[in-house]
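The sequence shown begins at 12 in my numbering and counts up by one. Beta carbons: idealized from backbone N, C-alpha and C, even for Gly. Here is the structure we will look at.
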Amino acid sequence: MLSNREKERKTHAAGRAQVREWWEKMDAFDLHCAHDLFLELPGEGEACPDCRCCGQSVRACNRRWAGMLKVETDAIKHYYGFKYEGMEVGFGCAMDLLLETSRAKHHTDLSILWANAVDIFALMKGPEVAKYVAMGGRVKPRQEMERRFPSVYLSIEEVIQLMTENRKCQDRLVSMRAPIYCLSYSWHSAEHPDPTGSTAKTVMKGLEEDLRVKNRVKEEFSCGKRGGGEFVLGGAGGQA
Numbered sequence: 012m013l014s015n016r017e018k019e020r021k022t023h024a025a026g027r028a029q030v031r032e033w034w035e036k037m038d039a040f041d042l043h044c045a046h047d048l049f050l051e052l053p054g055e056g057e058a059c060p061d062c063r064c065c066g067q068s069v070r071a072c073n074r075r076w077a078g079m080l081k082v083e084t085d086a087i088k089h090y091y092g093f094k095y096e097g098m099e100v101g102f103g104c105a106m107d108l109l110l111e112t113s114r115a116k117h118h119t120d121l122s123i124l125w126a127n128a129v130d131i132f133a134l135m136k137g138p139e140v141a142k143y144v145a146m147g148g149r150v151k152p153r154q155e156m157e158r159r160f161p162s163v164y165l166s167i168e169e170v171i172q173l174m175t176e177n178r179k180c181q182d183r184l185v186s187m188r189a190p191i192y193c194l195s196y197s198w199h200s201a202e203h204p205d206p207t208g209s210t211a212k213t214v215m216k217g218l219e220e221d222l223r224v225k226n227r228v229k230e231e232f233s234c235g236k237r238g239g240g241e242f243v244l245g246g247a248g249g250q251a
C-alpha cells in the first residue's frame, strides 16, 4: 500500500510529465505566440482551477512560486491555460516545465525570460545600457554591475510583466513583444576586452539601428492593415 505522501509524489510526477508533454506537442507557430495563452487569475473568493502539475489551485501555486522568487504574494497575476478545458497550470509550474523540454523551449521567448527570473542569467535593459554607455560607462562583470548599477537589470517583477503583456500577436505575423538580443561579446571575462568602451558604443549603435528597422516594419504593417492593403513579411511563411 502506498502512503498518502507517496501517492501525492506519484500524482505530482504524472502531472509534471503531462504538462511537459503538452508543451512538446505545440508546434513552432503556436510556441512563437505562446504568451497568448496566459489567463488572468479569478478575483479573490472566486473559484480557481487546479494546477495540473502540483494539484494546488492555480492561485495557491502562484503564491508558492512568488515565495520562491522572493516577490510580493500577488505579483503573479496569471496562470497558463493550454488550448483545451481542464489543461490549466500555475504560472511557475508551467514555466519551470517549459525549461525542461527538449524542443519547445527553443521556440518561445518565455523560456529566456523565465531563465532570468530563476537567476540562470541576468537580462539588461537596452535603454538603460544605452544611457550608461553614452555617459562613458564600460560594462563590467555581472557581479559588479548588479551591485553598483542595479537599475540596468530587469527585476523579477518586470520580467513577469514582460512575459504576460502584449499577449496578442497582430495577425500572428509581427510580434509586438520586447526584442531580446544575445551578444557574443565577453563583457564578463576576467580581463576586460574593451578598456576604452569603443566596442560597447559600436554594439549599442547596431542595436539602435536594428530597433529603428523593426519599428519601421511594425508601422508599415499597421498602416497596411488599416488601409485594407496586404502586407507579407519575409515572403511565404516568413515571420519576425
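For residue i, is the classification buried or exposed, using 16 other Cβ atoms within 10 angstroms of its Cβ as the cut-off for buried?
| i | result |
| --- | --- |
| residue 93 | buried |
| residue 69 | buried |
Can you check DSSP and say which residues form a bridge with residue i?
| i | result |
| --- | --- |
| residue 150 | Per DSSP, none; premise fails for residue 150. |
| residue 113 | Residue 113 is not bridged to any residue. |
| residue 68 | 61 |
| residue 95 | For residue 95, which the question treats as bridged, DSSP gives no partner whatsoever. |
| residue 263 | A query on residue 263 cannot be resolved here, the shown segment of the chain reaching from 12 to 251 and no further. |
| residue 118 | BP columns for residue 118 are empty, so no partner. |
| residue 51 | 89 |
| residue 135 | 164 |
Give a yes or no on whether the C-beta atoms belonging to residue i and residue j are separated by under 8 Å.
| i | j | result |
| --- | --- | --- |
| residue 80 | residue 127 | no |
| residue 71 | residue 77 | no |
| residue 191 | residue 120 | yes |
| residue 19 | residue 62 | no |
| residue 43 | residue 174 | no |
| residue 133 | residue 114 | no |
| residue 111 | residue 31 | yes |
| residue 163 | residue 143 | yes |
| residue 217 | residue 147 | no |
| residue 54 | residue 23 | no |
Leaving aside the five residues before and after residue i along the sequence, list all residues of the same chain whose C-beta is less than 7 Å from its C-beta, in chain order.
| i | result |
| --- | --- |
| residue 27 | 64, 108 |
| residue 84 | 74, 77 |
| residue 89 | 49, 50, 51, 52, 102, 175 |
| residue 124 | 170, 173, 174 |
| residue 57 | none |
| residue 160 | 143 |
| residue 193 | none |
| residue 145 | none |
How many Å lie between residue i and residue j at the Cα?
| i | j | result |
| --- | --- | --- |
| residue 82 | residue 17 | 31 Å |
| residue 219 | residue 117 | 25 Å |
| residue 122 | residue 131 | 11 Å |
| residue 104 | residue 29 | 12 Å |
| residue 37 | residue 136 | 30 Å |
| residue 106 | residue 139 | 27 Å |
| residue 97 | residue 60 | 8 Å |
| residue 248 | residue 189 | The predicted model places residue 248 with a pLDDT of 31, which falls under 50 and marks its position as unreliable; any figure quoted below should be read in that light. Residue 248 and residue 189: Cα-Cα distance of roughly 22 Å. |
| residue 149 | residue 211 | 7 Å |
| residue 95 | residue 21 | 24 Å |
| residue 41 | residue 91 | 14 Å |
| residue 25 | residue 39 | 25 Å |
For residue i, would you say it is in contact with chain D, using Cβ-to-Cβ distances shorter than 8 Å as the test?
| i | result |
| --- | --- |
| residue 122 | Included in the structure is just one protein chain, with no chain D present. |
Grab me the residues of residue i's own chain with a C-beta within less than 6 Å of its C-beta, minus the 5 sequence neighbours each way, in chain order.
| i | result |
| --- | --- |
| residue 33 | 93 |
| residue 215 | 141, 144 |
| residue 151 | none |
By Cβ distance, which residues of its chain are closer than 8 Å to residue i, with the 5 residues on each side in sequence left out?
| i | result |
| --- | --- |
| residue 157 | 133, 164 |
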